[in-house]
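Q: Sequence order for the protein chains is A, B, C and D.
For the first sequence, the numbering used here begins at 66 and goes up steadily by one.
For the second sequence, the numbering used here begins at 65 and goes up steadily by one.
For the third sequence, the numbering used here begins at -17 and goes up steadily by one.
For the fourth sequence, the numbering used here begins at 3 and goes up steadily by one.
All residues carry an ideal CB built from backbone N, CA and C; glycine is no exception.
Keep in mind the model is a prediction, meaning the values are calculated, not measured.
Take a look at the following structure, please.
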Amino acid sequence: MTLAKKDLNKALEILSKDAVVFAPTFDMIEDPSEGGQTMGEKKFMPYKEGMFIALDGPNTVKPPKDVLFPNVEKMYRYKTGENAEIVEIFPEDTKKILFGIRPCDARSIEAMDKVFFTKDYVDSYYAKRRENVVIVSMGCVEPERTCFCDSMGLDPNNAPNADVMMNVAKDSVDAFILEAYTDKGKELLEQLKDLDGGAGEAKRDVKCSLQINKDPELDKKLAGMFEHPIWDKITKGCIGCGTCTFVCPTCYCFDIDNENYGAEGCKYRCWDSCMFSDYTRMAGGANPRPTKKERLRNRYMHKLSYFNERYGETLCVGCGRCVANCPSHLDISEFIEKATAADPNAETYTDAPGKEA
Amino acid sequence: MAVDHECSCNKNPLVPSLCKVIDVKQETPDIQTYTIQTLDGKKPFSPLPGQLAMISLLGVGEAMFSITAQGEDYIQSAIKRTGMLTDEFHQMQPGQVIGVRGPYGNHFPIDDLKGKDVLFIGGGVGIAPVRSMIRYAFEHREDFGHIDILYGARSSADICFKQDCLEDWPKQPDTNVYITTDVPSDDWDGHVGFVPPYIEEVGFKPEGKKVVLCGPPIMIKLGSASLLKLGFAKEDIITTLELRMKCGIGKCGRCNIGSKFVCLDGPVFTLSELDELPDEK
Amino acid sequence: MAGLTEAQVQDRIREEAKKALASGEVSAVVGWTSTRFEDKTKPYFAETEAECDLLVWNKYCINGTGKFALDDRYPEKKIAIIARGCDSRALNRMLRDKQLKRENLYIIGVVCDGKENAVCEGCQHKNPLTYDVLIGEPVEEQMNAERFKEIEAFEKLTPDQRYEYWAKQYDKCIHCYACRNACPACNCVECYADQYRTGWQGKAADREQNQVYGLTRAFHVGDRCIECGECERVCPMNLPIMRQTKKMLKDINDLFGDYECGLPDDAMPVLGTYKLEDPDEFM
Amino acid sequence: MSIKKDDNWEPKILAFCCNWCTYTGADLAGLNRMKYPENVRTIRVPCSSRVNPQFILRAFQKGADGVLVCGCHPGDCHYATGNYFTRRRFMLMQRLLEYNGIDPKRFQAKWISGSEAAKFRDTVTEVSAQIKALGPNTKFVAPHYDNALQAKEGGAE
């Protein structure tokens, strides 16, 4: 179906009647000392009447993963002492529409599905949220300079696992072409049929701005490079914060902790970062990953090699968020190129040209 | 050593069920064994030897422990005091209500061990997971060949499961028990010295024998070196690992070694399996 | 700018870096190198002579280099740091806090001309304050008359406006600790926030825990802040972190006299000392 | 947002009292049967400089409506100089909290010696009245998890 750009808010209005619609927008914060509002970050927020929807431009700072896998998820509450009890807390049972997520973020949900649904155990919280979510993916309009998803095997114009795929129309920049991929998607388009402007062709010719040279077998190559000297070199500039993991759409690691209120309390899980010292430190102080070198190595290996071995796909979707937000301007795409070029059996490693040992 | 886990689609695997501690036994100054039952006096679940349980003290925290023994209506876990959480565990009295979920992880390869001689080696509280297999072997004594048990503790006071190690196990048929302590003491007339040299000193024969080994990381490292020196093959040395775990179901990410998760694909690995994995233990 | 051009400074940096490595006393030179983006550089450890030629100097060299001296607290060899004014103050901060030994450092000072970084506009120390070798002619320092302008404007709001503002800002925080890891005053061997089993800092990134973190950090570094602006620069969620620490500095200036950190003197941090004649409001 | 004023509402006030002076002063007040508001909860600390700024923040989060830190008069510290550090620390803390929207009356520090039972009574009475006038504290209060759950409903953020 064709949806005119001017009807976008109308469409979301209709959709938000029976669902919470998360759409990319800019968060505003009151700062009266600087004369009014300051523009906050671009992020996915529940649709409110008249909300500005930013489908083009740069991607959101935080990925939409927190709709499925919230930063803090209450798991169960408990009472201690004499009247000990455990009461499970279920995620809210409301329909949610993820509107306008990019193909890279859609792919990240596919990866999270694998983690939380397969390998013997199903994660109840994720499953509960997932079944209520409809994905409306928007093909990239103007990729950022840090985007390299097509080098990671994705198509910035198409998200095969979306329920509805949306692209700019081929013949008009003021219209979108929507196509349902699933039954959930068909249902959604049915709701919008009054706004349908007829059939049309989608513009699907966007290419990523960053084309990187990646070894198609990089996962296997890296598996043999655990002790490679490249790790010493590339991890030196890291400051060991958790930015890359929290802005990453596919980072799914979590921690479980509790909060007490007297004799009652609540167990929650929250995002955790493999870049923190606490992540692997055991009682008594031993830590298998004591410095940033081991931690960053584990992160890159997880994204580019371990996950392939376990689930058969690369965990990095090339969204470029970590590249854009790293305080030290470290760049996973640069690492991919360096690792592709490196001699896996080298004894030493240097960045200097022509000096590869 | 993969294992099929029960499908838990119908139950939330991250929520524990309430159980109570019916008995607390002080094994050594810093190790206690807890006997755990459901609130209505049943066995929480039936683990295979080597499997793990996530035990939580509500309001304090939870951690993964090996299940050291089980009976008709209970499971047992031995916990060493090493940090804040285990300090709190050591305050527990019989009757304490705790949360338990599990069993998690794979188990010792019982079928591979059947019909073979088995050498069990434990160091410190590392005897706890090994004990689950030892007990299984003694309960099914006819399935196994000759059994050797070598256990090392810091001192005579630190010998865990004294009744088993010093009284019961040596009386079992076709069984030799070797106990060593790191330091001598007046009340100890047994062997004194570390586990790895003791392995070589006894000079176990590798033919037809499998080894189950657990202890502190350094003991596993040096102990397996000693075993390799004696001619044991890496496939025949089975060990069980410990890393920080949170979820127990292979989701939360932290207990990975390479692409394997200790809580799901482990904790039991053979040395040859570990060789395939990155050196990050 | 008078004196050396950007390219000349870059050549001098490479030259000094090579000299330092050639001396055999230095294990690595920490500076900046280019990235695939023209307007971004990244911190870089040059460990061989050839790698020294990858060091760059341009207006995008905005990352602090000082904090990397803490990566190895017990180094076998010295570490050379290419230090702008703020980096030298960062090193002074860590030296003053007894986290570093001067003899483990080789400081290549570079007179800075201000970078593409908002905080550089108010910079009061473009010349490195501590160095072993200096590149460039020292420039005349400008005092920043508007050092606390933003704070004064914010103080004028009503308490509720201020609370709402901060609460919304802390809602954004994702607990990545980038501000802490980039901050030269955050040099504790182990941060209280990493000792989460003690209960000081919960792990959840909700408003409550973020407020604890934000205010604790502000108070802890407030009297030792060198105003390098790294915390704000690295924050992926763009929290105005300096607005808290600068408030502390402003009050310190008001209450206890002129005060600036990271200078090469032995002055104790304000909260680590006292004077008998301090003002007293608690009678 | 407004809070309905409940006339029977009594503030919760947390007082950190130095063992060597104010705590004795409070004791003396009790011995002398002096009457002071019972809404003050006292925590004995070895020195007023033992009070970490985080204690104050946590107190507000866990539901205190006001926090009072009491120590020896400058010059009288049992450990010679502890309260000089207290003085600097809490002058700054008070300002930082005010900057973050907390009324400075909600967090106060006072010097009260072991013999000043009457001063203890007067201080506590005054602080209690001030905070009662301000009403319940709503800032920095951690929501109970039930509320937290509801607030989170609606998804991201």
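(1) Measure from the C-beta of residue 24(C) to each C-beta in chain A and report whether the shortest distance is under 9 Å.
(2) According to DSSP, simplified to helix, strand and coil, what is residue 202(C)?
(3) Do residue 266(B) and residue 301(B) have their CB atoms nearer than 9 Å?
(4) Which of the residues in the region 159 to 176 of chain C, read from start to end, lie with their CB under 7 Å from any CB of chain A?
(5) Taking a contact to mean a Cβ-Cβ separation below 9 Å, would you say residue 119(C) touches residue 92(C) in this structure?
(6) What did DSSP end up calling residue 16(D) once you bin it into helix, strand or coil?
(7) Which same chain residues, not among the five before or five after residue 252(B), have their C-beta less than 7 Å away from its C-beta?
(8) Looking only at C-alpha atoms, which of 71(A), 237(A) and 278(A) sits nearest to residue 265(A)?
(9) Pull out every residue of the region 140 to 152 of chain C whose Cβ sits closer than 7 Å to any Cβ of chain D, in chain order.
(10) Going along chain C in order, which residues have a C-beta closer than 7 Å to the C-beta of residue 397(A)?
(11) Looking at C-alpha atoms only, which residue of 113(A), 322(A) and 241(A) is the closest neighbour of residue 72(A)?
(12) From the DSSP output, in three-state form, read off residue 153(B) for me.
(13) What alpha helix (DSSP H) runs, 4 residues minimum, are completely inside the region 26 to 70 of chain D?
(14) Sorted by chain position, which residues of the same chain lie with C-beta nearer than 7 Å to residue 25(C)'s C-beta, five sequence neighbours on each side aside?
(15) Taking the alpha carbon of residue 273(B) as the reference point, which residue from 222(B), 180(B), 118(B) and 195(B) has its own alpha carbon closest?
(16) Inspect the beta-carbon positions of residue 68(A) and residue 262(A) and report whether they are closer than 9 Å.
(17) With a threshold of 6 Å on Cβ separation, who are the neighbours of residue 214(C) within its own chain once the five nearest residues in sequence on each side are excluded?
(18) Quick check on residue 219(B): does DSSP put it in helix, strand or coil?
(19) What is the C-beta distance between residue 246(C) and residue 74(C), in whole angstroms, given that I count them as a contact (C-beta under 8 Å)?
(20) Along the chain, where does the alpha helix (DSSP H) containing residue 285(B) start, and where does it finish?
(21) For the region 332 to 349 of chain A, which residues have a beta carbon sitting closer than 7 Å to at least one beta carbon of chain B?
(22) Can you look up residue 3(D) in the DSSP assignment and give me helix, strand or coil?
(23) Less than 8 Å between the CB atoms is what I'm expecting for residue 128(A) and residue 160(C), so what's the real figure, rounded?
(24) Throw me the rounded Cβ distance for the residue 143(D) and residue 62(D) pair, which I believe falls under 8 Å.
(25) For residue 187(C), name the three-state secondary structure that DSSP assigns.
(26) Using CA atoms only, rank isn't needed, just tell me which of 70(D), 35(D), 24(D) and 104(D) is closest to residue 130(D).
(27) Rank 131(C), 243(C), 29(C) and 212(C) by C-alpha distance to the C-alpha of residue 205(C) and give the top, closest one.
(28) What does residue 404(A) reach in chain B if we use C-beta pairs closer than 9 Å?
(29) Give the DSSP-derived three-state secondary structure of residue 254(C) in the structure shown.
(30) Is residue 261(C) close to chain D, meaning its C-beta is less than 9 Å from at least one C-beta of that chain?
(31) Counting only beta-carbon separations shorter than 9 Å, does residue 354(A) have a partner in chain B?
(32) Between residue 329(A) and chain C, is any beta-carbon pair separated by less than 9 Å?
(33) Listed in chain order, which residues of the region 228 to 243 of chain C have Cβ atoms closer than 8 Å to some Cβ of chain D?
(34) Anything in the region 128 to 156 of chain B with a Cβ closer than 8 Å to a Cβ of chain A? List those residues in chain order, please.
(35) Say whether chain F places a C-beta atom closer than 9 Å to the C-beta of residue 315(B).
(36) So, is residue 204(B) buried or exposed, given that buried needs 16 or more other C-beta atoms within 10 angstroms?
A: This is what the structure gives:
(1) yes
(2) helix
(3) no
(4) 159, 160, 163, 164 and 176
(5) no
(6) strand
(7) 220 and 245
(8) 237(A)
(9) 141, 142, 144, 145 and 148
(10) Chain C residues near residue 397(A): none, gap ~12 Å exceeds 7 Å.
(11) 241(A)
(12) helix
(13) 55 to 63
(14) 12, 14, 45, 47 and 50
(15) 180(B)
(16) yes
(17) 223 and 224
(18) coil
(19) 5 Å
(20) 281 to 293
(21) 339, 344, 345, 346, 347, 348 and 349
(22) Bear in mind that a pLDDT of 47 at residue 3(D), under 50, signals an unreliable position, so the model cannot answer this.
(23) No, residue 128(A) and residue 160(C) are not in contact; Cβ-Cβ is about 17 Å, not under 8 Å.
(24) 7 Å
(25) coil
(26) 70(D)
(27) 243(C)
(28) The contacting residues do not exist; residue 404(A) stays about 15 Å from chain B at best.
(29) helix
(30) yes
(31) yes
(32) no
(33) 229, 230, 233, 234, 237 and 238
(34) 146, 147, 148, 149 and 150
(35) No chain F is part of this structure, whose protein chains are labelled A, B, C and D.
(36) exposed
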